[in-house]
């Protein structure tokens, strides 16, 4: 009930904090939110502003769903789902009237319809732009999607079909399991931050939405699409966007399995080197005795078994990108030779007598703390600073739980 939820709200003016259970909240004038909304629309355009606000709402809804599940773990699913409508009102966003809602736990099918009254987003949007031709309750749609998706552990997409901002008497929203929408891509475009999917390096501002089925048919093998809406995922994607047009060396950090190679290949794909080779090497998988020849190449007869000359990874990546995965496992000797190649922009094959100039953008990745490795004497400090030009930390999935429903729906649809 509203009374139960209200008991979760605590004001602590003495230390300047407001809490909803263990989540810190703020009281903010709707005028201020309206001003922020207006500046976003005017500075980056309506579509991008809508995406930002929708994702912000998604994160807020996901947080509230986590709080409700922790507070009432034994409550029935319907009651917990309806708690979201009361929280939405308690937080001052909108009054929600339930028209109908149903959920088939066996089939995983959700269907709901709601009326929204007194929408704060509509008030501010109409005050700034008047009545227009499209819905404007973007954060509220994101909130509903994030709340219900997190609650049921699968992607439930809400769409506003009537809105006061487009001249209707009230707002009406419909929520359905993602697979029940025929044209869900138009909704997912505002949830997925990675506008670089489907974008060419020459036209970074245009971001067509990828048809996953068509992509899979044309590109068999691992799916490179990155899916996520959580704040930590957004931050990593934003940094990827910032560094892509440059030639700066990038160091991806994070635990095994967080997607460092996927981020690296995406960085190459949206850079100016996209039409050049992308060469990856796992430093941990190469024996120390072969590391130099793998990186720099070998001339015929350099050692027993070297029957032909062979280019190394640096040469093969010339003009493009070289991805050094698990770079923290390199021996001190290999680190020194790698450092020289990075400093001089040239390599020398094993058994060779001449240097070969290479133009390579280096992307490195590690699952160990290289700063700690430097302090312990396991990693060269000069190489660390050479690699750590633009570090990007990739969080594990346990720190981006908001993305789990999106990922589940993506994999179910793809496989």
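Residue numbers (my numbering): 16 to 430.
Built from N, CA and C at the ideal position, the CB exists for glycine as well.
Counting other Cβ atoms within 10 Å of its Cβ, residue 407 reaches 16 or more and is therefore classed as buried.
Within the same chain, and ignoring the five residues on either side of residue 373 in sequence, the residues whose Cβ sits closer than 7 Å to its Cβ are 329, 330, 333, 360, 361 and 362. Around residue 112, the same chain offers 129, 130 and 132 as residues with beta carbons nearer than 7 Å, after the five sequence neighbours per side are excluded. Secondary-structure assignment with DSSP links residue 117 through a beta bridge to 126.
DSSP lists 111 and 186 as the bridge partner or partners of residue 131.
Partner residues in the beta bridge of residue 370, as assigned by DSSP, are 363. Counting other Cβ atoms within 10 Å of its Cβ, residue 281 reaches 16 or more and is therefore classed as buried.
For residue 43 and residue 427, the gap between their C-alpha atoms comes out near 39 Å. Looking from the CA of residue 147, the closest CA among 156, 155 and 137 belongs to 137. When the Cα atoms are used, residue 339 and residue 266 turn out to be separated by approximately 9 Å. For residue 271, the closest of 411, 103, 121 and 71 by C-alpha to C-alpha distance is 411. For the set 68, 46 and 45, the Cα lying nearest the Cα of residue 56 is the one of 68. Around the CB of residue 153, 16 or more other CB atoms lie within 10 Å, so the residue is classed as buried. The beta carbon of residue 110 sits closer than 6 Å to the beta carbons of 104, 132 and 133 from its chain, once the five residues preceding and following it are set aside; these are given in chain order. Excluding five sequence positions before and after residue 98, the CB atoms of its chain that fall closer than 6 Å to its own CB belong to 83, given in chain order. In this structure, residue 381 lies near residue 342, with their beta-carbon atoms less than 7 Å apart. Residue 164 counts as buried, since at least 16 other C-beta atoms from the protein chains shown sit within 10 angstroms of its C-beta.
Rounded to the nearest whole angstrom, the CA to CA distance from residue 178 to residue 140 is 11 Å. Taking C-alpha positions only, residue 337 is separated from residue 377 by approximately 5 Å.
As the crow flies, the alpha-carbon of residue 393 is around 57 Å from that of residue 127. Residue 162 is positioned such that its CB atom lies no closer than 7 Å to that of residue 37. For residue 84, the enclosing alpha helix (DSSP H) stretches over residues 61–86.
With contacts defined as CB atoms closer than 7 Å, residue 327 and residue 351 fail to qualify as a contacting pair. Burial check for residue 26: the Cβ neighbour count within 10 Å stays below 16, so the residue is exposed. Around the beta carbon of residue 399, 16 or more other beta carbons sit within 10 angstroms, so the residue counts as buried.
Remark: C-beta atoms of residue 174 and residue 202 approach each other more closely than 7 Å. The DSSP-derived three-state label of residue 296 is strand. Here the alpha carbons of residue 149 and residue 96 stand approximately 27 Å from one another. Counting along the chain, the unbroken alpha helix (DSSP H) around residue 281 starts and ends at 275–284.
Partner residues in the beta bridge of residue 340, as assigned by DSSP, are 297. At a Cβ-Cβ threshold of 7 Å, residue 70 and residue 244 count as neighbours. Its chain contains 130, 176 and 177 as the residues whose beta carbon lies nearer than 6 Å to that of residue 187, once the 5 sequence neighbours on both sides are disregarded; these appear in chain order. Per DSSP, residue 405 lies in no alpha helix (DSSP H); the unbroken beta strand (DSSP E) holding it starts and ends at 405–408.
Here residue 369 is exposed. Its C-beta has fewer than 16 other C-beta atoms within 10 Å.
DSSP places residue 355 in the helix class (H, G or I) of the three-state scheme.
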